[in-house]
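Structure, as structure tokens:
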Amino acid sequence: MTLRRCGERRGQGRAGLLLGVMAAGLFLAPAAAGAQEMTLYSARKEELIRPALEAFQKETGIRVTLLTGGAGELARRIELERANPKGDVFLGTAAGITELLRQKGLLESYASPNAGEIPEEFRAADHAWVGITGRVRVLIYNTGRVPAGEAPQSYFDLTAPRWKGQVAVASLGERTTVSWLATLLALKGEEATRKYVDALRANGLKVLKNNTEVRHAVARGEVAVGITNHYYYMLQLQEDPRSPITLVYPDQGPGDMGTPVFSITAAIIRGAPHPAEARALIDFLLKPAGNRLLVEGEFEIPLLPNVALAGADRGIRGLGQFKKAPVTQVQLADLEPKVERLFGSVFLP
Ligand SMILES: [Fe+2]
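For the sequence shown, numbering that gives the first Met the number 0 gives the first residue as 0, with consecutive numbering after it.
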């Protein structure tokens, strides 16, 4: 597997990556003439998808060049390369940007035989993209600062005086913050969502750069509560098993909207130079043996019924084990430009 990072400067960053690659034993010799290869553009971090890609290479002999970067950054690159595509598969962190690429005609439809069991709400109707795993938008809180009985049970609790200056969320640089606000727009409408965001701000909401900063701020007790994705709870425990944090699936009551679920999406880039290899990767990521590696490596939840949940012993719940916010990924994608328009200036780090 060869690694690059989109937009990366020469020097330290590159050297660091190369070191990481060599240390992990991934620095493969150049492919022999005629060997199969492909390029993956991934908005998912390298360390999280590495196990799945290694297994794919081992099983198929297809050599993967991995280019990681922000979803927007990679999407712009795909658009610029339209006449002469260099990437084969795009992995997005939420459906929004992937759906935008589909609307611009930049994706190739592919109905993988393994996609049949992915619920329809996590797929594009024309098979231009497919959800491969899910992430759940939860609350995490510091158990040293919040007794269990006082934990917030709803996003809408967080505007109360009790939580003044005590709540953190990541900026819109994290696509899942965009998806979360899109969920509120879809289910509560524009006026209520604006009012809610205004009330959060008036209550001293802290907007941090990314979700990693959010989990650190909660674990250190700098804030009591974080609005983030469920796997950041697992990543925090992996980093420090004694972290005083736990998670809540918010808005689970009878009249409540439910907890949002977003999907990682995979898509083949139109005009991909290695279409057969691209299809093979999608098939691999959607078959239980390959999908399991994503779920375990990323602590994501499976969208496939025959893949086991990771982290159940730590309170992670799978699809069907909590009340899910009733929105489709396409609905969320369609609302993302509106989120940027309405809240782009608010959710800055
Ligand atoms: Fe993330």
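C-beta atoms are modelled at their ideal positions from N, C-alpha and C, and glycine is treated no differently.
Going by Cα to Cα distance, which pick from the options is closest to residue i?
| i | options | result |
| --- | --- | --- |
| A277 | L157, E36, R3 and T1 | E36 |
| Q351 | F89, A311, I226 and M233 | Residue 351 is absent from the structure shown; the chain starts at 0 and stops at 348. |
| E58 | D125, F283 and L65 | F283 |
| H126 | F298, A51, Y140 and I281 | I281 |
| N228 | F261, E149 and K205 | F261 |
| V338 | R43, T176 and L302 | T176 |
| F298 | A332, A218 and L234 | L234 |
| K323 | L347, M256, E107 and E335 | M256 |
| E224 | A191, A159 and E173 | It is Val, not Glu, that sits at residue 224 in the sequence shown. Of the listed residues, the one whose Cα sits closest to V224 is A159. |
| F121 | A307, F342 and L303 | L303 |
| R134 | Q152, N202 and L308 | L308 |
| G353 | Y140, Y154 and R200 | This structure gives no information on residue 353, because the portion of the chain shown stretches from 0 to 348. |
| A332 | I300, R313 and R174 | R174 |
| A110 | R101, V129, L99 and L100 | V129 |
| Y348 | S153, K163 and R200 | The amino acid at residue 348 is misidentified as Tyr; the sequence shows Pro. Comparing Cα positions, the closest option is R200. |
| A34 | R81, V63 and E116 | V63 |
| G310 | P287, Y232, P259 and R269 | Y232 |
| R193 | S153, F55, G270 and G343 | G343 |
| L39 | R313, N113, A288 and P272 | P272 |
| R144 | L106, P325 and A218 | A218 |
| P253 | S153, L90, I117 and G172 | S153 |
| F321 | I300, N83 and E80 | I300 |
| R81 | A275, L106 and L65 | L106 |
| F155 | A191, R313, T142 and V206 | A191 |
| A150 | D250, N83 and R241 | D250 |
| D87 | T258, S41, I117 and G172 | S41 |
| G270 | L99, G104 and A198 | G104 |
| Q56 | Q102, K286 and A279 | A279 |
| K187 | P336, P325 and V329 | P325 |
| T182 | L207, V137 and R241 | V137 |
| R101 | E238, G115, I77 and L285 | I77 |
| A275 | S108, E46 and E53 | S108 |
| P112 | D312, T142 and K286 | K286 |
| T258 | T327, A216 and A54 | T327 |
| L236 | L90, D312 and A288 | D312 |
| A216 | F89, T142 and E46 | T142 |
For my contact list, residue i and residue j are in at a C-beta cut-off of 8 Å; report their separation, rounded to the angstrom.
| i | j | result |
| --- | --- | --- |
| Y131 | N290 | Position check: residue 131 holds Ile in this sequence, whereas Tyr was assumed. Yes, I131 and N290 are in contact; Cβ-Cβ is about 7 Å, under 8 Å. |
| I48 | G296 | 7 Å |
| T67 | K44 | 7 Å |
| L334 | A185 | 6 Å |
| V196 | V345 | 6 Å |
| L292 | A51 | 4 Å |
| L79 | L2 | Between L2 and L79 the Cβ distance is about 21 Å, and since that is not below 8 Å, they are no contact. |
| V294 | E98 | Actually they do not touch by this definition, with Cβ atoms about 23 Å apart. |
| G172 | K205 | At roughly 15 Å, the Cβ-Cβ gap does not stay under 8 Å, so G172 and K205 are not in contact. |
| G203 | K163 | 5 Å |
Kindly indicate if chain C contains any beta-carbon less than 8 Å away from that of residue i.
| i | result |
| --- | --- |
| T142 | Among the chains of the structure shown, chain C does not appear; only one protein chain is present. |
Practice task
Give me every residue whose Cβ sits closer than 6 Å to any heavy atom of ligand 1, in chain order.
Solution key: N210 and N228
Practice task
May I ask you to verify whether the segment 165 to 183 touches the segment 202 to 217, counting CB pairs closer than 8 Å and requiring at least 3?
Solution key: yes
Exercise for the section: May I ask you to verify whether the segment 62 to 71 touches the segment 302 to 322, counting CB pairs closer than 8 Å and requiring at least 3? Expected result: no
Practice task
Output the residue ranges of the alpha helix (DSSP H) runs that lie fully inside the segment 143 to 228 and measure 4 residues or longer, sorted by chain position.
Solution key: 174 to 187, 189 to 201 and 210 to 218
Practice task
Examine the Cβ distances between the segment 93 to 103 and the segment 173 to 187 and report whether three or more of them are shorter than 8 Å.
Solution key: yes
Practice task
Could you tell me whether the segment 240 to 249 touches the segment 261 to 275, where touching means 3 or more Cβ pairs closer than 8 Å?
Solution key: no
Handout entry: Uninterrupted alpha helix (DSSP H) stretches inside the segment 287 to 319 (no shorter than 4 residues)
Key = 287 to 297
Practice task
Within the segment 229 to 278, note down every full beta strand (DSSP E) run reaching 3 residues or more, in order along the chain.
Solution key: 244 to 247 and 260 to 268
Handout entry: Complete runs of the beta strand (DSSP E) confined to the segment 38 to 104 [at least 3 residues]
Key = 62 to 67 and 88 to 91
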